[in-house]
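Enquirer: Residue numbers (the UniProt record's numbering): 1 to 318. Where a beta carbon is used, it is the ideal one built from N, C-alpha and C, also for glycine.
1) Measure the alpha-carbon distance for residue 67 versus residue 103 and round it to whole angstroms.
2) Could you check which residue in 110, 106, 112 has the C-alpha nearest to that of residue 124?
3) With burial defined as no fewer than 16 other Cβ atoms inside 10 Å of the residue's Cβ, what is the status of residue 92: buried or exposed?
4) Can you tell me which of the three DSSP states residue 38 falls into?
5) Does the Cβ-Cβ distance between residue 150 and residue 160 come in under 8 Å?
6) Is residue 127 buried or exposed, if buried means 16 or more other CB atoms sit within 10 Å of its CB?
7) Could you give the distance in angstroms between the alpha-carbon of residue 189 and the alpha-carbon of residue 180?
8) Given a cut-off of 8 Å on the beta-carbon distance, is the pair residue 223 and residue 236 in contact?
9) Can you check which of these residues, 100, 94, 89, 95, is closest to residue 110 by C-alpha distance?
10) Is the Cβ-Cβ distance between residue 196 and residue 240 less than 8 Å?
11) Please report the straight-line C-alpha distance between residue 121 and residue 101, rounded to a whole angstrom.
12) Here's the rule: buried if 16 or more other CB atoms are within 10 angstroms of the residue's CB, otherwise exposed. What is residue 300?
13) So residue 239 is in the beta strand (DSSP E); what residue range does that whole segment cover?
14) Is the beta carbon of residue 206 less than 8 Å from the beta carbon of residue 221?
15) Taking just the CA atoms, how far does residue 164 sit from residue 199?
16) First and last residue of the beta strand (DSSP E) that includes residue 108?
17) Count the other C-beta atoms from every protein chain shown that fall within 10 angstroms of the C-beta of residue 250, then say buried if there are 16 or more, exposed otherwise.
18) So who's on the other strand from residue 161, going by DSSP bridges?
19) If distances are taken between C-alpha atoms only, which option among 54, 225, 47, 252 comes closest to residue 134?
20) Just to confirm my understanding: we take residue 45, look at its own chain, exclude 5 residues before and 5 after, and list those with CB closer than 8 Å. What are they?
21) Shortest alpha-carbon distance to residue 204 belongs to which of 172, 302, 245?
22) Using 10 angstroms around the beta-carbon of residue 12, count the other beta-carbons present and answer buried if the total reaches 16, otherwise exposed.
23) Classify residue 238: buried if its beta carbon has 16 or more other beta carbons within 10 angstroms, exposed otherwise.
24) What residues are listed by DSSP as bridge partners for residue 168?
25) Alpha carbon to alpha carbon, how far is residue 289 from residue 85?
26) Grouping DSSP H, G and I as helix and E and B as strand, with all else coil, what is residue 121?
27) What is the residue span of the alpha helix (DSSP H) that residue 67 lies within?
28) Considering only heavy atoms of the ligand NAD, does any lie closer than 7 Å to the CB of residue 133?
29) Which residues share a DSSP beta bridge with residue 78?
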């Protein structure tokens, strides 16, 4: 039986999630269809641009993404605090950039309203504010736009995506690192590209391109800030250079099919998080091979069970 989304996403437990959405038709989302010979490579750019654009509208931060031939991966950070800091006008501007605003809201912006009309507008704005950090709304907007463009190009109608996207809750920093590694190395493991820096339409390629130009983190991507304290801005709790070292090391292990081989020089991030490299590589590699909704240490999985009053959940512990 399908698990309700409300039992897969809980901000009380974690703001981090790994999401996958797959194409339902035989024809490819992107890449080249070997049967028809038709190339859909340009659609990768559609998906990448749409992800980054929506990230600037929604209060949802993109930690990692990879656009593959018939699916895409996202690792996201839901940011309700950011949404709650927005003024009513800022919420309206964000929502209005993607949706037609009701006439009453347009009047709310430009002219005085009765007290009843004002309360009606404020209730609507609060509904939009909550949607701005909703994972379901973000994925709905992303998939709808891509499906519409692809159907127009293919000259057909009907479902383009599987009915529901897959989501996995990432319960701690180790699970966040595993999911980001899995996503950023997806093209390498699929033998599409030899290295992360040559993997087009991935977050790691986007970050490395900016790094090469001495530019800040690209708009829409959650920045690496290291271990966050109160004086630091919000961001991914690793240093970028540590992550890149770890990613390069992990990528070589997976590509050479030597999960049990550990090099003498390990990235700092391994020792900081007390990770066992051999077991951790297996965890990264098998992330999508099991039915997993919750991903983290045993004590965090128990917290999920308690939160939803369940004896069993679909989780992977480490």
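Expert: This is what the structure gives:
1) 38 Å
2) 106
3) buried
4) coil
5) yes
6) exposed
7) 14 Å
8) yes
9) 89
10) no
11) 11 Å
12) buried
13) Residue 239 -> no beta strand (DSSP E), and no H or E assigned at all.
14) yes
15) 27 Å
16) It is not in any beta strand (DSSP E) - residue 108 instead sits in the alpha helix (DSSP H) that spans 103-110.
17) buried
18) 23
19) 54
20) 201
21) 245
22) exposed
23) buried
24) 18
25) Unreliable positioning characterises residue 289 in this predicted model, as indicated by a pLDDT of 49, which lies under 50. A coordinate reading is not provided.
26) helix
27) Where residue 67 is concerned, there is no enclosing alpha helix (DSSP H), although the beta strand (DSSP E) it sits in stretches over 60-67.
28) The ligand NAD is absent from the structure shown, which contains no ligand whatsoever.
29) 60
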